[in-house]
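Quick notes on the structure that follows.
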Amino acid sequence: MQLTKTNFLQFQKCPKSLWLLKNKPQIYPQKVGSNYEDKLAAEGYEVQRLVQDFLQKHESSNKYLFEKIYKAEGELYACADIIRKNEDGTVNIYEVKSSGSVGPEHLTDATFQTIIVEKSGISVKSVYVIHLNKEYIRQDELNVEEMMTFSLVTEQVRGMIEIIETEINLALDLLRQDEINETGCSCLKLSKSHHC
């Protein structure tokens, strides 16, 4: 059973919801996205496109890979926004976000990506979250270099690896179960907007 970053984030919010999605997709309630969620997604893709265009014009553009897929242990799957190949055979990971700062969920994303890349046999040297610079004021021309902030988060990611690996293993163990108690969810203890 494949576990992606999106699946993992769903597991963190409501494990039973992920099990139902993966094991009984025919009865899994289909969520209808709101206009606001669609707008956020579109903004995220636009920011990622701007960053990619900027890096492709960079003098070392041939070292960057975009939306690079990694698979590990037959069940783990990650699509890294941007990878930079280093001379020593390591890579840098760049997670692109359309927010104005690095949040806990961004660190979880980056940690998940780092784990999968390293389990696939490649060492990760540095991890960055690219986000909007809240101080940037656009002039006539859009300046992507000034608009974006490259926040180095390697130390925070390394500090989270053990916890996230444990949670990944718990998610995989749950998904392998043929049956679970399908009554009630842990997400019901959260606010209504966080129910599965």
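So for the sequence shown, the numbering used here puts the first residue at 16; every next one is plus one. Here a beta-carbon is modelled for each residue, glycine too, at the ideal position from N, C-alpha and C. These numbers were taken from a predicted model, which means no experiment stands behind them.
Query: Residue nearest to residue 144 in terms of C-alpha spacing, selected from 114, 175 and 156; Result: 114
Query: Short Cβ contact (8 Å threshold) for residue 141 with residue 107; Result: yes
Query: Short Cβ contact (8 Å threshold) for residue 159 with residue 69; Result: yes
Query: Residue range of the alpha helix (DSSP H) that includes residue 184; Result: 169-191
Query: 8 Å Cβ cutoff met for residue 133 and residue 16; Result: no
Query: DSSP three-state assignment for residue 157, whether helix, strand or coil; Result: coil
Query: Where the alpha helix (DSSP H) containing residue 54 begins and where it ends; Result: 50-71
Query: Within 8 Å, strictly: CB atoms of residue 128 and residue 93; Result: yes
Query: Nonlocal neighbours in the same chain, by C-beta distance under 8 Å from residue 88, ignoring five residues either side; Result: 134
Query: Alpha-carbon to alpha-carbon, residue 83 and residue 147; Result: 22 Å
Query: DSSP three-state assignment for residue 16, whether helix, strand or coil; Result: coil
Query: Backbone CA spacing between residue 161 and residue 149 [nearest angstrom]; Result: 10 Å
Query: Residue range of the unbroken alpha helix (DSSP H) whose run includes residue 134; Result: 119-134
Query: Contact the stretch 25-33 vs the stretch 181-190: 3+ CB pairs below 8 Å; Result: yes
Query: Within 8 Å, strictly: CB atoms of residue 60 and residue 131; Result: no
Query: Spatial neighbours of residue 176 in its chain, beta-carbon cut-off 8 Å, leaving aside the 5 residues before and after; Result: 126, 129 and 130
Query: Proximity winner among 80, 73 and 110, relative to residue 100 (alpha-carbon distances); Result: 80
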